[in-house]
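Numbering (UniProt numbering), first residue to last: 1 to 290.
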Amino acid sequence: MHSIHIAIASSIGGREEQQDAAHSWTSEHTCLLVLADGVGGNIGGAAAAKTVIETADEIWNHQHGRFSSPRQSLENIAELAHQRIAALTPGERRNPASTIVALYLDEHEAHWIHCGDSRLYRIQNGQTATRTRDHSVVQLLVEQGKITEEELNSHPDKGRILKSLGGGSFKGSDYQSCTYQPGDQFLLCSDGYWESVPAKAPILPSRPRDRKLEDHINRLVTKAVKQNGPDGDNTTIAIAEVAAPNKSHQAPAHPQSSPLRSVIKSTLLIIFYTFIVIDIIILFYIFLSQ
């Protein structure tokens with residue numbers, strides 16, 4: 001497996017309660033990142049997000065960190081979490097709920113699901129190559145041409161999501177996969193982060209070489225909280241970064257000959273020149289005999 005660097009950062013922002021939750025799990029050949037954003041105010045948003053993480057932990061451990069069917073395992077996390085969140089407040093008119101975005105990486109491929117408006121971005125060469133589609137009212141308005149991407153972050157309906165884990169029937173989650181490359185970055189984030197980033201700005205600014213990943217994303221969260229203001233939402237991001245090859249350790253363009261090859265080459269040259277010398281001696285002897 002490629003070397004994967006993982007980091008998570010979170011802030012309560014201007015809210016009274018932290019209703020975001022995120023966690024990562026790693027094994028020798030795989031890793032899993034899950035981020036959840038609780039919905040429901042004072043009636044269980046934090047508990048709903050926590051339930052998503054606990055469900056993911058249970059399935060990861062049950063399968064010993066190796067998903068034989070990544071799509072099925074990720075979808076099982078979402079569906080089981082949905083059932084458990086719905087059971088948190090039985091009989092209530094309005095149940096707590098949560099978004100989910102989950103990423104599973106094996107030796108070569110990335111698999112992810114999402115439900116709600118928590119997002120996953122795949123970053124290649126500093127550019128967004130893939131972004132999940134929000135299950136929200138404002139996303140529909142953008143697709144219908146009624147508002148622009150620039151208006152999405154400030155629209156009064158930006159918090160209305162159309163699909164979540166929790167109350168009501170389970171509406172499923174969206175699944176995607178890809179073969180990842182060295183240097184790829186996967187950013188998982190709650191709406192508290194992506195809403196703070198202007199539409200045309202890079203969602204994940206490049207990291208200086210001398211700055212650790214953990215320090216970098218903590219700075220990004222701090223900046224987002226400041227941008228969101230005193231009443232801003234919880235803000236959480238999680239990053240999986242596939243290490244790029246170290247050019248200083250790459251093989252030279254013209255590989256050096258092995259010691260055995262050098263010995264064989266030298267031996268053949270000696271034999272070749274020996275035959276030439278013998279031929280010269282024979283010709284000289286024949287010349288003297290005449």
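Glycine residues also receive a C-beta, built at the ideal position from the N, C-alpha and C atoms.
The Cβ-Cβ distance between residue 233 and residue 13 falls below 7 angstroms.
DSSP, read as helix, strand or coil, puts residue 130 in strand. At the C-beta level, residue 74 and residue 102 come within 7 angstroms of one another. Here residue 32 is not near residue 121, since their CB atoms are 7 angstroms or more apart. Around residue 203, the same chain offers 121, 128, 187, 194 and 197 as residues with beta carbons nearer than 7 angstroms, after the five sequence neighbours per side are excluded.
Membership of residue 51 in any beta strand (DSSP E) is not indicated; the residue belongs instead to the alpha helix (DSSP H) covering 45–62.
By the neighbour-count criterion, in which a residue is buried when 16 or more other Cβ atoms sit within 10 angstroms of its Cβ, residue 145 is exposed.
Annotated as distal: residue 47 and residue 236, with beta-carbon spacing of 7 angstroms or more. For residue 24, no alpha helix (DSSP H) run applies; the uninterrupted beta strand (DSSP E) run containing it begins and ends at 20–26, by DSSP. For residue 24, the closest alpha carbon among the candidates 278, 58 and 211 is that of 58.
Bridge pairing for residue 165: 98 [DSSP]. In the DSSP assignment, residue 149 falls outside any beta strand (DSSP E) and within the unbroken alpha helix (DSSP H) covering 149–152. Shown here for residue 230: same chain residues with a beta carbon closer than 7 angstroms to its own, the five before and five after excluded, namely 14 in chain order. In the DSSP annotation of this structure, residue 38 is not part of any alpha helix (DSSP H); the continuous beta strand (DSSP E) holding it starts and ends at 31–39.
Between the alpha carbons of residue 245 and residue 125 lies a gap of roughly 14 angstroms.
Note that the C-beta distance between residue 114 and residue 179 is not below 7 angstroms.
Excluding the 5 residues flanking it on each side, residue 45 has same chain C-beta neighbours closer than 6 angstroms at 19, 38, 39 and 96, in chain order. Setting aside the 5 residues that flank it on each side, residue 218 is surrounded in the same chain by 9, each with a C-beta closer than 7 angstroms to its C-beta; the list follows chain order.
Going by beta carbons, residue 199 and residue 98 fall outside the 7 angstroms limit. According to DSSP, residue pairing for residue 114 in a beta bridge involves 101 and 174.
Per the DSSP secondary-structure output, residue 242 pairs in a beta bridge with 4. Residue 209 counts as exposed, since fewer than 16 other C-beta atoms from the protein chains shown sit within 10 angstroms of its C-beta. Take the alpha-carbon of residue 60 and the one of residue 27: they are about 10 angstroms apart.
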